[in-house]
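Below: the structure, in structure tokens.
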Amino acid sequence: MANRYCSLVLVNSTKKRFMSTSNLKTVITESKKEIPIVKGLPLVGTMFSILAAGGGRKLHEYIDKRHQKYGSVFREKLGSVDAIWISNPLDMKLLFAQEGKFPKHILPEAWLLYNDTYGQKRGLYFMNGKEWWKYRQIFNKVMLKDLNVNFIKSYKVVINDLLNEWELSNGQVIPNLIADLYKISISFMVAHLVGRVYDDCKNDLSNDINCLAQCIQKVFQCTVKFTVIPAKTSKLLKLNIWNDFVIAVDNSIESANNLVSKLMSLNGDGLLNSVLNVHDIPIDMIKRLMIDFIIAAGDTTAYSTQWSLYTLGLHKSIQNNLRHSLLKTDFLECDYLNNILKEVLRMYPLAPFITRIPPSDIYLTDHKIPANSLVIMSMFTSSRNGKYFNSPNEFIPDRWNRLKNNKYNGVNEPFATLPYGFGARSCIGQKMAHVQMCLTLSECIKRYNIHTMQPVEIALDLITVPDDQINIKIHKL
Ligand code: HEM
7 MANRYCSLVL
17 VNSTKKRFMS
27 TSNLKTVITE
37 SKKEIPIVKG
47 LPLVGTMFSI
57 LAAGGGRKLH
67 EYIDKRHQKY
77 GSVFREKLGS
87 VDAIWISNPL
97 DMKLLFAQEG
107 KFPKHILPEA
117 WLLYNDTYGQ
127 KRGLYFMNGK
137 EWWKYRQIFN
147 KVMLKDLNVN
157 FIKSYKVVIN
167 DLLNEWELSN
177 GQVIPNLIAD
187 LYKISISFMV
197 AHLVGRVYDD
207 CKNDLSNDIN
217 CLAQCIQKVF
227 QCTVKFTVIP
237 AKTSKLLKLN
247 IWNDFVIAVD
257 NSIESANNLV
267 SKLMSLNGDG
277 LLNSVLNVHD
287 IPIDMIKRLM
297 IDFIIAAGDT
307 TAYSTQWSLY
317 TLGLHKSIQN
327 NLRHSLLKTD
337 FLECDYLNNI
347 LKEVLRMYPL
357 APFITRIPPS
367 DIYLTDHKIP
377 ANSLVIMSMF
387 TSSRNGKYFN
397 SPNEFIPDRW
407 NRLKNNKYNG
417 VNEPFATLPY
427 GFGARSCIGQ
437 KMAHVQMCLT
447 LSECIKRYNI
457 HTMQPVEIAL
467 DLITVPDDQI
477 NIKIHKL
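Following the working numbering from start to finish, the sequence shown increments by one per residue and tops out at 483.
This is the structure:
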């Protein structure tokens with residue numbers, strides 16, 4: 007019965023990504039298996055076990071071990087988070103297929119508390135229901151469907167400025183790697199918003215961009231501290247970590263607001279102009295959405311680019327192959343570069359967990375999940391699983407080459423890695439992030455040999471970060 011249900015969903019979900027579940031409920035009426043429950047204490051659940059296993063920074067490893075012990079679906083209450091954890095890509099497909107018309111994810115507690123306390127209204131990531139869908143549709147069109155490539159010239163200005171600065175490091179370790187990558191992530195976003203006028207106004211904007219990059223990095227550093235003492239408790243006890251967080255968020259929203267006001271007055275030909283002219287969106291709402299795009303772009307693109315440079319710096323022969331491929335192919339057409347990025351994001355998924363709260367009961371291969379449960383997809387576990395990827399802990403871009411039968415060379419289930427999520431609520435910035443990272447890597451590799459000084463491990467600070475500073479040297483070719 008469950009198998010019939012599955013194949014029905016899979017056929018449907020590949021044809022059209024979303025489907026109504028109402029017709030499916032008649033297909034299956036009962037689930038086959040109970041969901042294993044990891045037992046814990048009444049209030050804190052298994053919080054002490056995770057603390058003993060290295061704390062929140064090692065959550066990906068802790069959950070990975072749980073999946074090894076309890077299987078691909080289990081329930082565990084970690085502190086205040088009572089969730090059903092899933093790691094089987096087939097179940098993930100089923101979950102996405104039944105996520106509802108207005109999919110819901112959970113948001114960082116500290117951000118919600120800040121928004122509630124100060125009445126702050128935010129952009130797409132924080133919206134829900136019809137309001138979210140209204141704006142999501144507008145931006146799907148201009149950021150995913152009809153993304154034009156006019157902004158590439160401005161992107162090239164951004165990356166050239168950075169590489170000219172890096173050249174001054176003269177063979178030494180790049181001193182502020184992650185801070186520089188935050189700066190270019192925001193500059194790329196600004197270039198995208200204003201289009202071709204970026205080159206003319208970049209000097210006037212550079213202080214605003216630098217200031218905002220520092221603010222966003224500070225917000226990230228403050229948010230991470232709530233993994234030890236939750237935001238609610240910190241606020242209640244008036245702890246410094248809450249006060250520092252509030253100051254950092256105030257500063258980042260204020261400087262993003264100032265920057266967006268300036269960008270709007272420039273009258274460029276970028277994304278900002280296309281939404282201002284075409285859609286009847288109130289100015290306040292445009293600002294809200296743009297501010298959040300800029301903030302969302304900061305951490306994500308900065309850390310993914312850092313992981314890409316790090317990995318290339320460890321693999322000289324892959325660097326050489328890439329350089330060779332880029333002699334023959336434009337960076338946007340280069341399959342090898344594409345494979346490298348897929349492989350980096352598989353091994354270092356920025357979002358190691360993706361969450362959904364389905365509005366009605368949903369049916370996985372063997373389990374029924376009650377409506378309104380928190381379901382967490384363990385992307386780190388699935389993307390490092392030998393069942394889905396041959397030699398999963400090795401960096402092998404060629405695994406993404408297609409064979410004659412159209413299957414991948416070393417990938418048995420591509421759905422086991424979803425760096426940008428999937429479905430209606432997947433990353434709206436994925437296309438632009440991809441182009442930005444392709445350009446950054448291709449310009450670096452055409453000019454330099456990249457050398458990573460020492461390997462690092464993965465840690466979780468909400469997103470996947472290195473457990474130590476990444477030290478990279480570049481040598482001009
Ligand atoms: C390598 C870079 C990036 C990665 C790995 C990444 C990853 C993700 C993921 C996994 C989600 C889905 C969350 C969910 O399903 O609940 C997401 C959502 C989102 N991302 Fe990205 N992202 C990246 C870059 C960007 C950029 C450059 C922007 C700027 C526009 C952006 C804006 C957003 C927004 C606004 C959402 C929320 C969408 C919604 O709720 O409808 N991201 N991102």
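Ideal Cβ positions, reconstructed from N, Cα and C, are used throughout, including at glycine.
In the three-state scheme derived from DSSP, where H, G and I count as helix and E and B as strand, residue 481 is classed as strand. Residue 136 carries a helical assignment under DSSP once its states are collapsed to helix, strand and coil. Per DSSP, residue 117 is not a residue of any beta strand (DSSP E); the alpha helix (DSSP H) it occupies stretches across 115-124. Taking the Cα positions, residue 42 is about 12 Å away from residue 375.
Closest in C-alpha terms to residue 408, from the list 420, 399 and 398, comes 420. Taking 9 Å as the cut-off, the Cβ atoms of residue 265 and residue 278 do not count as close. For residue 131, DSSP assigns no beta-bridge partner whatsoever. Placement of the Cβ of residue 299 at a distance of less than 8 Å from at least one heavy atom of the ligand HEM is found. Excluding its 5 nearest sequence neighbours in each direction, residue 346 has C-beta neighbours in its own chain below 6 Å: 403, listed in chain order.
Leaving aside the five residues that flank residue 348 on each side, the residues in its chain whose CB is nearer than 7 Å to its CB run, in chain order, 406. Taking the Cα of residue 214 as reference, the smallest distance to any Cα among 206, 189 and 255 is reached at 189. At least one heavy atom of the ligand HEM lies less than 8 Å from the C-beta of residue 195. At least one heavy atom of the ligand HEM lies less than 8 Å from the C-beta of residue 307. By the CB criterion at 9 Å, residue 351 and residue 310 fall inside the cutoff. Inter-segment contact for the stretch 120-138 and the stretch 440-454 is absent: fewer than three beta-carbon pairs are separated by less than 8 Å. Distance between residue 469 and residue 290, taken at the CA atoms: about 29 Å. Ranked by Cα distance from residue 71, the options 371, 439 and 390 are led by 390.
Judged by DSSP secondary structure, residue 466 falls within the beta strand (DSSP E) whose first and last residues are 464-467.
Under the 10 Å beta carbon count, residue 330 is surrounded by fewer than 16 other beta carbons and is classified as exposed. Under DSSP, residue 333 takes part in no beta bridge, so it has no partner. Excluding residues up to 5 positions away in sequence, 109 lie with their Cβ nearer than 6 Å to the Cβ of residue 431 in the same chain. Shortest Cα-Cα distance from residue 93 to any of 121, 56, 462 and 388 involves 388.
For residue 386, DSSP records no beta bridge to any residue. Within the chosen limit of 8 Å, the ligand HEM reaches the beta carbon of residue 142 through at least one heavy atom. Nearest neighbour of residue 202 by Cα position, chosen from 162, 234 and 212, turns out to be 162. In the DSSP assignment, residue 100 falls within the unbroken alpha helix (DSSP H) covering 95-103. Counting along the chain, the unbroken alpha helix (DSSP H) around residue 342 starts and ends at 341-353. Between the C-alpha atoms of residue 223 and residue 40 there is a straight-line separation of about 43 Å. Around the C-beta of residue 481, fewer than 16 other C-beta atoms lie within 10 Å, and the residue is accordingly described as exposed. Closest in C-alpha terms to residue 362, from the list 427, 177 and 335, comes 427. Taking 9 Å as the cut-off, the beta carbon of residue 449 is found closer than this to the beta carbon of residue 165. Distance from the CA of residue 271 to the CA of residue 395, rounded to the nearest whole angstrom, comes to 49 Å. Contact annotation, residue 259 with residue 478: C-beta distance approximately 32 Å; criterion of less than 8 Å not satisfied.
For the options 263, 305 and 283, the alpha carbon positioned closest to that of residue 294 is the one of 263. Between the alpha carbons of residue 148 and residue 433 lies a distance of about 13 Å. Annotated as distal: residue 284 and residue 120, with beta-carbon spacing of 9 Å or more.
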